[in-house]
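In this note's numbering, the protein residues as written are 478 to 564.
For each residue, glycine too, the CB sits at the ideal point set by N, CA and C.
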Amino acid sequence: MSKQLTKEQTVSETEESKTAQILVRISEEEREEWKKAAEKEGISMSDLIRSSVAPVVQEILYCIHPEEFRLVYPWSEFCKKCDTRLR
Ligand SMILES: [Zn+2]
């Protein structure tokens, strides 16, 4: 019980700097599963969601492809894989 409390306190301390919140509606079953997965990883559900979503967001918003996909011109640079203009 006391161990649980310490964990929760640590989480709220690290989350103090994160002030934006989102509400995600999921089914009861999903919530139970997400909770179980977070517990298995020993992290909070927030951390589980953050760490899962962050790389997806990076991939959508920014080019993460290696240089072999680059089309380099003196005036600009493109990624052939995702058609992103890199400069
Ligand atoms: Zn790319």
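*To the nearest angstrom, report how far apart residue 480 and residue 503 are at their CA atoms.*
Caution is warranted here: a pLDDT of 48 is assigned to residue 480, below 50, making its placement in the model unreliable, and the coordinate value is therefore given only provisionally. The alpha-carbon atoms of residue 480 and residue 503 are separated by roughly 28 Å.
*Local conformation of residue 534 per DSSP, three classes*: Helix at residue 534.
*Beta-ladder partner(s) of residue 547, from DSSP*: 556
*asked:* Mapping the DSSP letters down to three states, classify residue 508 as helix, strand or coil.
replied: helix
*Whose C-alpha, out of 548, 552, 564, is nearest the C-alpha of residue 558?*
548
*Cα-Cα separation between residue 495 and residue 513, rounded to whole angstroms*: 24 Å
*If you count every other CB in all the chains shown that lies within 10 Å of the CB of residue 553, and 16 or more means buried, which is it?*
exposed
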